[in-house]
Amino acid sequence: MFDQSQLRRLFEQKCQVRGIPADISRLCSKHLHEWNREAWTSQLPTMLKTAPEYDLVWTEWTAKCEELL
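If you read the sequence shown in our numbering, its first letter stands for residue 3, the second for the next number, and so on.
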């Protein structure tokens, strides 16, 4: 498991490779929320018999991002 400083470093390196600012708030942005919802509803049901409720998963994801990074 990665510790908090390692996760922050990996996040910053990934952003650098992609040429985007290392801004944690972008992981929880409204734009990403809606983009992920579209992917969730169009792709996940074809792979799983039952998919978890998106808004619950998104809430847990954003809480974890803030906690870890």
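We put the CB at the ideal spot given by N, CA and C, even for glycine.
A straight-line Cα-Cα distance of about 14 Å links SER31 and GLU40.
Under the three-state reduction of DSSP output, ASP57 falls in the helix class. Shown here, ILE22 sits in coil according to DSSP, grouped into three states, outside any helix or strand. Nearest C-alpha to THR52 among TRP42, LYS16 and GLU68: TRP42. The alpha-carbon of GLU69 is positioned some 31 Å away from that of THR48.
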